[in-house]
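Each residue of the sequence shown is one higher than the last, beginning at 1 in full-length UniProt numbering. We treat Cβ as the ideally placed atom computed from N, Cα and C, and that holds for glycine. The next block holds one structure in the form of structure tokens; read it before the comments.
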Amino acid sequence: MRLLRLDDGPSFSLADFAEDEAPRYAILSHTWGRDGDEVTYKDIVDGTGSAKAGYDKLRFCAAQAKNDRLDYCWIDTCCIDKTSAAELTESINSMFRWYQNAAKCYVFLADVSTPTSEGDRDSQLRNSRWFTRGWTLQELIAPRCVEFFSQQRERLGDRKSLEKQIHQVTGISVHALRGEPLPHFPTDERMSWAANRSTKRPEDKVYSLLGIFDIHMEAIYGEGEHHAFRRLFRELEKYSENQQLSALFQDQLKLSSSKQPKTPLVDLAWLVPFERNPRFTGREPELTRLEEMLFGTHHAAKLAITGLGGVGKTQLVTELLYRVADKQKHCSFIWISAVNVESLHQSYLDVSRQLGIPGGEDDKADVKRLVQAHLSKESTGQWLLVFDNADDLDMWIPKTAGQQPGHGPRPLVDYLPKSKQGTVVFTTRDRKIAVKLAQPNVVDVPAMGEDAAAELLGKCLINPGLVHHGQETSALLSQLTFLPLAIVQAAAYINENAISLADYLSLLAEQEEEVIDLLSEDFEDDWRYRDINNPVATTWLISFDQIRQRDRLAADYLSLMACIEPKDIPQSLLPPGVSRKKEVDAIGILTAYSFVHIGPADECLDLHRLVHLATRNWLRKEELLAQSTERAILRLSEVFPDDEPQNRTTWRKYLAHASYALDSGVTGDDDEARTSLLWKLGLCLYEDGRWNEAEKAFSRVTETRKRLLGPEHPDTLASMSNQALTYKENGQWNKAEELNVQVMETRKRVLGLEHPDTLTSMGNLALTYWNKGWWDRAEELQVQVMETQKQVLGPEHLNTLASMGNLASTYWNKGWWDRAEELEVQVMETHKRVLGPEHPDTLTSMNNLSYTWKAMGKQPEALTLMDECVQLGTRVLGDDHPDLHSSSAALKAWRLEDKG
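Written out as structure tokens, the structure reads:
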């Protein structure tokens, strides 16, 4: 073999060696430039060629070899005397071995500039011409070490570090890239690696495969591709165990002899970036519907697949293409990544090159128009074109407002090809885009069912037996909302850390920020784009930004919903837009992205649980979480009703959301809206008999008001008084007494003895005495309060009636049932007249009078009144209210007693 050496000074020399005696050397892989640009064997011998463009590649290879302590290089342009047919044949048949024996292989990518980011690097690599040339196939596979360099000579990585990108671009098995012997791979698989590669001379399409199949064959330039292929075919048949090559190989042979390339296999495109996913699970209804649209009675020229990000749209369309390819042998499959303008443009350039469309390499050419024209020709044959991640509405649909015709870039919808033999398939997170581009041919991808989700989890786990723990599996999948992306991510973490499903479940139960960290763990997935975020916590970031740019109100709604409970969100809680249509549009956008589900009767919204978590993470990263939470609290304080009984249905809709926002821990305690909402929350929780929660709310209000207003401010005393009431209801009578005395004495001093608030405190203290069994003390205080309230407030004031009812209870406990009955009848009748028969205070007075009649032996009257009380309470208070439980239990016991 002949090697190149950099002499002292700028010149090069050549030296011949027997192959088994050759020194360690580096070898160059590159794409040839124009005829006349490359440095030849004669140029080196004559000492010329330094002015040629290709001379720079020689300098690069020599300099890099020197860095690696190598004195010699092999470069195909100048180390072979191509004027000698014998030497050329020997070199072609030895070339795979020469690359195999090289210490280093340097790949010089003349069309890849130094990248600005990892995503930019991957995008340029995917579209490099080097991956489309015939000879570079063996130059990629044969060497033990392959390193890639940009046109600026900066190292981009090696075959190992870029394995995923190379696999996606070339379709070559990762096992082959890792050095597994080529005979381990079927003939048709190895042939498929070269299917979309091209060479300057037609015979080289065959000669470049000799090393791949370990075949020795004479190079006869001028024989044509067909005859060269026949000779290769005969050589391969000699070594085929089955004496028969694959159907694909037979088709290739037939193709090379065809004179009518109407639908030739060699011209068919398979531009799909992903291998078939062996983990693909379920989705049979969706696949059936898609195939019906493609091949049914009414052929669909366009169809769209839509669903939540991470639900598996890309996996679904990938599986669809492989199934269609199995049935349609003369169909081209073209894939364009539409994530953004840059990826789309690069995809179009790649498609143009792969399809060999004339003019596509011209920098000034409208490549999208060229591809459109090519696919629209009937002679192109059958094709299926996928636009994956068509999520940016502005890229696709013309703006109708504020944009004059001819201004700005043309919408992509104008570049869609039209052919009776072709179908365009879109995948998008935005259902509105799906409808606009492909209606009525829209397929929604729902959440996975539990069985399919469990099967997917099992396929992803190194130890699939973990899935057999039924309860743990069900709980985990439920926590992951049956989202395929979340399942794959969880499996990757479980595999890497050798933990159980229960361990992962426990991690999901940690604090929110720890869960975010868990769901932000990156992971390798050969069936997703490398430059798109894989983790669940980040996969929707691009959608969030699109929503924010497209509809500010929708972004505001999403931000607010992220700061409250994600389930059962009343639409009345959302801030009003400038018009009802704007509100509908905003909710429609969130629904179109599958972030939000509208419940029955269009009243409440459900925000996807993982989207809720991801949105909070997004707001936190944007330093907007505290601000958004404050806005949510302000909105809640505006719409949260008071504790009037007629508002019970409304406040119950808001309770969970108020609690979530107030307990978030991301805002300060001194905000007026926060204190107001806490106060309302406490009142309504108290009315619902949720006294522990009410106590916590009033306690927080008291702390804030003491700090801001002082301990003797009327508002501070009011919250202390209500806090004492919750102590009483919870049986903490000593704490209730202590706090009531403190409030009462302060009010006497600050407000006066006859102030309504002072009287309320006295009445509350009397109730505490009653609970402690100090009935004489209770009676004394209650009589004083009642008489003063009659004078100050009037005999029918609600506070006066409450005092009368409390005094009646004291009489009851002292056995003075006649006195108790007299007061309770008066209180009940006044409540019915003033408040109505269904008011909770009316129900309380009915309940109390029933007990008195029962004690007096008036059994029929007691049963009738208590039955009425329970029926009304069921409707008014709800089944969970403790007062209703008490009344129902008494009624049941009395009926049994009456029967006995």
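Residue i to residue j, Cα distance in whole Å?
i, j, result
"VAL792", "LEU636", "36 Å"
"LYS621", "TYR207", "56 Å"
"PRO576", "GLU583", "7 Å"
"GLN243", "ARG234", "Per-residue confidence for GLN243 stands at a pLDDT of 43, beneath the threshold of 50, marking its modelled position as unreliable; no derived number is given."
"GLN260", "SER379", "Low confidence applies here, because GLN260 scores a pLDDT of 34, under 50, leaving its location unreliable; read the following figure in that light. Answer to the nearest angstrom: the Cα atoms are 11 Å apart."
"ALA438", "GLN346", "24 Å"
"residue 975", "MET293", "Past the edges of the chain, shown from 1 to 900, lies residue 975, and the structure says nothing about it."
"CYS145", "ASP158", "7 Å"
"THR281", "HIS885", "49 Å"
"ILE141", "ARG190", "11 Å"
"PHE698", "LEU655", "15 Å"
"LEU265", "GLN168", "With a pLDDT of only 34 at LEU265, under the threshold of 50, the placement of this residue in the model should not be trusted, and no figure is reported."
"ASN127", "ALA110", "12 Å"
"ASP643", "VAL701", "17 Å"
"CYS61", "ASP43", "17 Å"
"GLU286", "VAL442", "10 Å"
"GLU147", "ALA586", "50 Å"
"ASP606", "LEU483", "16 Å"
"THR170", "ARG197", "10 Å"
"GLU693", "LYS653", "16 Å"
"GLU687", "ASP517", "40 Å"
Could you say which of the options lies nearest to residue i if we only look at CA atoms?
i, options, result
"VAL324", "GLY470, LEU437, ARG276, ASP43", "ARG276"
"LYS164", "ARG155, GLU154, ARG153, ALA176", "ALA176"
"GLU319", "ARG283, TYR348, GLU203, HIS299", "ARG283"
"LEU385", "LEU375, ARG548, ALA62", "LEU375"
"MET846", "LYS858, PRO860, VAL870", "VAL870"
"PRO143", "ARG178, THR800, PRO882", "ARG178"
"GLU824", "PRO837, THR842, GLU838, ARG369", "THR842"
"PHE295", "GLY359, LYS420, LEU271, GLY312", "LYS420"
"ASN93", "ILE212, TRP32, SER29, ASP56", "ILE212"
"MET744", "VAL371, LEU271, TYR221, ALA724", "ALA724"
"TYR106", "GLN64, LEU287, PHE640", "GLN64"
"MET217", "LEU236, LYS200, THR199", "LEU236"
"LEU573", "GLY222, TRP651, LEU88", "TRP651"
"VAL827", "GLU796, GLU838, MET856, SER850", "GLU796"
"residue 906", "ARG231, LEU271, LYS302", "Outside the displayed range of the chain (1 to 900) lies residue 906, so it cannot be described from this structure."
"GLY805", "GLU822, GLY794, VAL174", "GLU822"
"HIS469", "ASN497, LEU505, VAL435", "LEU505"
"GLU779", "GLU630, GLY763, GLY794, GLU513", "GLY763"
If residue i sits next to residue j, beta carbons under 8 Å apart, how far is it from one beta carbon to the other, in whole angstroms?
i, j, result
"HIS612", "THR481", "HIS612 to THR481, Cβ: 10 Å. No contact."
"LEU344", "SER337", "7 Å"
"CYS79", "LEU4", "6 Å"
"TRP817", "THR768", "Not quite, the Cβ-Cβ distance comes to about 23 Å (not below 8 Å), so this is no contact."
"GLY134", "LYS205", "6 Å"
"ALA26", "ALA85", "That pair is no contact at about 28 Å."
"VAL722", "GLY689", "According to the sequence displayed, residue 722 carries Asn and not Val. Their Cβ separation, rounded to whole angstroms, is 14 Å, which puts ASN722 and GLY689 out of contact at 8 Å."
"SER113", "GLN152", "7 Å"
"THR615", "ARG431", "About 19 Å separates the two Cβ atoms, so there is no contact after all."
For residue i, report the span of its alpha helix (DSSP H) as first-last.
i, result
"TRP733", "733-750"
"ASP16", "Element bounds for ASP16: not the alpha helix (DSSP H) but the beta strand (DSSP E), 12-16."
"TRP98", "85-101"
"CYS869", "859-876"
"SER659", "648-662"
"ALA195", "Segment: none, ALA195 is in no alpha helix (DSSP H) and carries neither H nor E."
"ARG635", "625-639"
Just reading off the beta strand (DSSP E) that residue i is part of, what are its end residues?
i, result
"GLN511", "Premise fails: GLN511 is in no beta strand (DSSP E) and is neither H nor E."
"GLN382", "382-388"
"CYS604", "604-607"
"ALA26", "25-29"
"LYS104", "104-108"
Determine, using beta carbons only, whether residue i comes closer than 8 Å to chain D.
i, result
"LEU798", "The structure shown contains no chain D; it holds only a single protein chain."
Quick check: is any heavy atom of the ligand MG less than 7 Å from the C-beta of residue i?
i, result
"SER520", "Although the ligand MG was asked about, the structure shown includes no ligands whatsoever."
Going residue by residue through the stretch 517-597, where are the continuous alpha helix (DSSP H) segments of at least 4 residues, counting only ones entirely within it?
536-539, 541-550, 552-561, 580-592
Output the residue ranges of the beta strand (DSSP E) runs that lie fully inside the stretch 396-452 and measure 3 residues or longer, sorted by chain position.
422-428, 442-444
Which runs of the alpha helix (DSSP H) spanning at least 4 residues fall entirely within the stretch 131-156, listed in chain order?
136-141
Write down every uninterrupted run of the alpha helix (DSSP H) in the stretch 682-713 whose length is 4 residues or greater and which is fully enclosed by it, in chain order.
691-709
What residue ranges within the UniProt domain "Orc1-like AAA ATPase" (279-394) form continuous alpha helix (DSSP H) runs of no fewer than 4 residues, ordered along the chain?
284-295, 313-327, 341-355, 367-376
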